[in-house]
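So the structure is just underneath, and the comments pick up after that.
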Amino acid sequence: ETSRTFAKTVAELEKLVIKMLFESYGPQHFESHIEAKTYILRFLKYRAL
Numbered sequence: 021e022t023s024r025t026f027a028k029t030v031a032e033l034e035k036l037v038i039k040m041l042f043e044s045y046g047p048q049h050f051e052s053h054i055e056a057k058t059y060i061l062r063f064l065k066y067r068a069l
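Just add 20 to the spot in the sequence shown (first one is 1) and you have our numbering.
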């Protein structure tokens, strides 16, 4: 559950930053960019040395 909350928070932060960057281009460019995004959180199994 903690990982899911973290991933959701990071995705929301990225969306906010992208929105700020795209403000000068207009809302149609922002919406098309956001719709194309897919978020995947992966955990890799690793061995401690």
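Every residue, glycine too, gets a C-beta built ideally from N, C-alpha and C. A quick note: this is a predicted structure, and the numbers were derived from the prediction, not measured.
For GLU21, there is no enclosing alpha helix (DSSP H), as DSSP gives it neither H nor E. For SER52, the enclosing alpha helix (DSSP H) begins and ends at 47 to 55. Comparing alpha-carbon positions, the option among THR25, ILE38 and LYS28 lying closest to ALA56 turns out to be ILE38. One Cα belongs to GLU51, the other to ARG24, and the distance between them is close to 24 Å.
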